[in-house]
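Numbering-wise, the UniProt record's numbering puts 92 at position 92 of the sequence shown, and it's gapless, one number per residue. Backbone N, C-alpha and C fix where the C-beta goes; we use that ideal spot for every residue, glycine too. Just so we're clear, the structure is a prediction, and the values are computed from it rather than from any experiment. Here's the structure we're looking at; comments come further down.
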Amino acid sequence: MTNIKTAFSPTVCRMWNQRQRPAKAFTLVELLVVIAIIGVLVGLLLPAVQAAREAARRMQCSNNLKQLTLALHNYESAHRVFPPGSLGYPFVWSPQSQLLPFVEQASLQDLLIYEVPPLTAFGSGFNATQVAQNDSAAQQALPFITCPSDREVVAGSVYGGISYPGSSGSGINAPGNAADDGSVANADGLFFTNSRIGFRDVIDGTSHTVAFGEQLLGDGQNVASPNADYRHRVVELSMATQTTPTACDPATAPAWSGQRGAKWVNGHMADSMFNHYYTPNANVPDCHNGYHNFALVSARSAHAGGVQTSMVDGSVRFVSDSVSLNLWRAAATRAGSEVSQEM
Numbered sequence: 001m002t003n004i005k006t007a008f009s010p011t012v013c014r015m016w017n018q019r020q021r022p023a024k025a026f027t028l029v030e031l032l033v034v035i036a037i038i039g040v041l042v043g044l045l046l047p048a049v050q051a052a053r054e055a056a057r058r059m060q061c062s063n064n065l066k067q068l069t070l071a072l073h074n075y076e077s078a079h080r081v082f083p084p085g086s087l088g089y090p091f092v093w094s095p096q097s098q099l100l101p102f103v104e105q106a107s108l109q110d111l112l113i114y115e116v117p118p119l120t121a122f123g124s125g126f127n128a129t130q131v132a133q134n135d136s137a138a139q140q141a142l143p144f145i146t147c148p149s150d151r152e153v154v155a156g157s158v159y160g161g162i163s164y165p166g167s168s169g170s171g172i173n174a175p176g177n178a179a180d181d182g183s184v185a186n187a188d189g190l191f192f193t194n195s196r197i198g199f200r201d202v203i204d205g206t207s208h209t210v211a212f213g214e215q216l217l218g219d220g221q222n223v224a225s226p227n228a229d230y231r232h233r234v235v236e237l238s239m240a241t242q243t244t245p246t247a248c249d250p251a252t253a254p255a256w257s258g259q260r261g262a263k264w265v266n267g268h269m270a271d272s273m274f275n276h277y278y279t280p281n282a283n284v285p286d287c288h289n290g291y292h293n294f295a296l297v298s299a300r301s302a303h304a305g306g307v308q309t310s311m312v313d314g315s316v317r318f319v320s321d322s323v324s325l326n327l328w329r330a331a332a333t334r335a336g337s338e339v340s341q342e343m
């Protein structure tokens with residue numbers, strides 16, 4: 001027979017009581033406090049994470065510009081000139097499309113036939129098969145010429161976009177003669193129609209002259225509205241004779257184009273070239289006419305406060321939106337003899 005005293009000893013009773021006690025848990029108030037603390041921590045960390053990601057994207061953007069400018073050096077070493085801003089007429093190949101072998105894209109360049117237009121839109125009267133081959137190659141997106149802070153293609157476009165246009169100059173081609181402002185022919189920068197500029201022509205100094213800048217890719221919306229988004233669209237003038245800045249008034253603009261930077265092969269302003277007529281991220285619309293022989297196209301970026309530019313010597317600088325217009329234009333000219341100052 002079991003000893004009753006042993007069965008109900010104090011030790012056994014304590015063990016029994018411990019088993020019967022409910023486990024300690026968080027109260028509702030404690031749970032809410034923990035959730036609130038986690039929310040505060042997330043709120044503090046999220047901006048820091050976003051800032052770190054943007055810093056990484058900006059660094060990658062800077063590296064892209066440096067790589068593109070190094071390719072420019074290698075091209076000049078091989079050809080004794082920089083690639084023309086718009087190769088041929090009406091072929092208008094972009095300078096960037098001619099740098100492909102120097103950015104480890106020789107296989108892509110092998111697909112391009114420079115003797116015919118780069119796009120089917122310009123291909124009337126030329127070998128349709130060859131133009132179609134160019135058009136197909138142009139649809140390949142190239143990460144090294146698109147800023148990671150922006151999209152890779154223009155909304156709705158099948159073509160690879162381009163974030164790094166070449167500088168055609170100040171946009172003031174004949175001081176005192178506003179009728180010549182924005183001309184794409186014989187501009188005072190590195191790239192313009194059939195240009196043949198080399199290091200020997202950069203008299204202002206390679207560290208004081210801009211080679212490439214940034215642009216925001218278009219939103220694909222081609223609308224006729226004076227309230228259009230200045231940053232992602234361009235005033236598109238309908239006539240080749242509209243070649244003065246006064247024609248770019250947004251209130252009277254005949255149309256807006258959302259195709260900025262849409263085609264990396266295309267040697268048009270607002271695709272692969274820009275000028276310094278306006279300061280970076282200017283709060284006025286960019287503008288070009290139907291023949292693209294006149295354009296006022298600002299540098300623009302998704303980076304807060306300014307744009308990145310590469311100088312001809314290969315250095316990359318972040319230029320503030322508030323930079324002096326005179327200083328910004330001076331940095332665009334290859335032989336303007338301006339007093340040298342840092343942007």
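Excluding five sequence positions before and after I113, the CB atoms of its chain that fall closer than 7 Å to its own CB belong to Q130, Q133 and N134, given in chain order. For A253, there is no enclosing alpha helix (DSSP H), as DSSP marks it with neither H nor E.
Between C147 and C248, the C-beta spacing is not below 9 Å. Uninterrupted beta strand (DSSP E) stretches at least 3 residues long and entirely within the stretch 263–299 occur at 286–288, given in chain order.
Secondary structure note for T309: it is in no alpha helix (DSSP H), and the uninterrupted beta strand (DSSP E) holding it is G306 to M311. Residue pairing by DSSP puts G166 in a beta bridge opposite F212 and M273. In this structure, F294 places its C-beta atom within 9 Å of the C-beta atom of Q242. When rounded, the separation of the alpha-carbon atoms in F82 and R196 is 6 Å.
With a threshold of 16 other beta carbon atoms within 10 Å, N275 meets it and is buried.
In this structure, A262 lies away from V235, with their beta-carbon atoms at least 9 Å apart. For G218 and R151, the gap between their C-alpha atoms comes out near 9 Å. Leaving aside the five residues that flank L72 on each side, the residues in its chain whose CB is nearer than 7 Å to its CB run, in chain order, F82, L99 and A211. Judged by their CB atoms, S310 and S94 are not nearer to each other than the 9 Å cut-off. By the C-beta density criterion, A106 is exposed, having fewer than 16 other C-beta atoms within 10 angstroms.
As DSSP reads the structure, T193 sits in a beta bridge with S86.
DSSP places V234 within a strand segment (E or B) once states are collapsed to three. Looking at the DSSP output, F199 shares a beta bridge with no other residue. Judged by their CB atoms, A332 and S170 are nearer to each other than the 9 Å cut-off.
When beta bridges are read from the DSSP output, V319 appears opposite V307.
Taking the Cα positions, S157 is about 12 Å away from N222. Beta-bridge partners assigned by DSSP to S183: F294. Its Cα nearest to that of G258, the residue V154 stands out among E104, G306, G88 and V154. Taking every protein chain shown into account, the CB of A128 has fewer than 16 other CB atoms within 10 angstroms, so this residue is exposed. Pairing A51 with S86, the inter-Cα distance amounts to about 38 Å. Short of 6 Å from the beta carbon of S298, and not among the five residues preceding or following it, lie these beta carbons of its own chain, in chain order: Y278, A282 and D286. For the set R53, Y291 and F144, the Cα lying nearest the Cα of L237 is the one of Y291. Under DSSP, W93 forms a beta bridge with L87 and N266. By the neighbour-count criterion, in which a residue is buried when 16 or more other Cβ atoms sit within 10 angstroms of its Cβ, M269 is buried. Within the same chain, Y164, F212, Q308, S310 and V316 come within 7 Å of L65 by CB-CB distance, once the 5 residues on both sides are set aside. At the C-beta level, G267 and F91 come within 9 Å of one another. When only Cα atoms are considered, S207 and S124 end up about 43 Å apart. Distance from E338 to D204 at the Cβ level is roughly 7 Å; contact confirmed, criterion being Cβ atoms closer than 8 Å.
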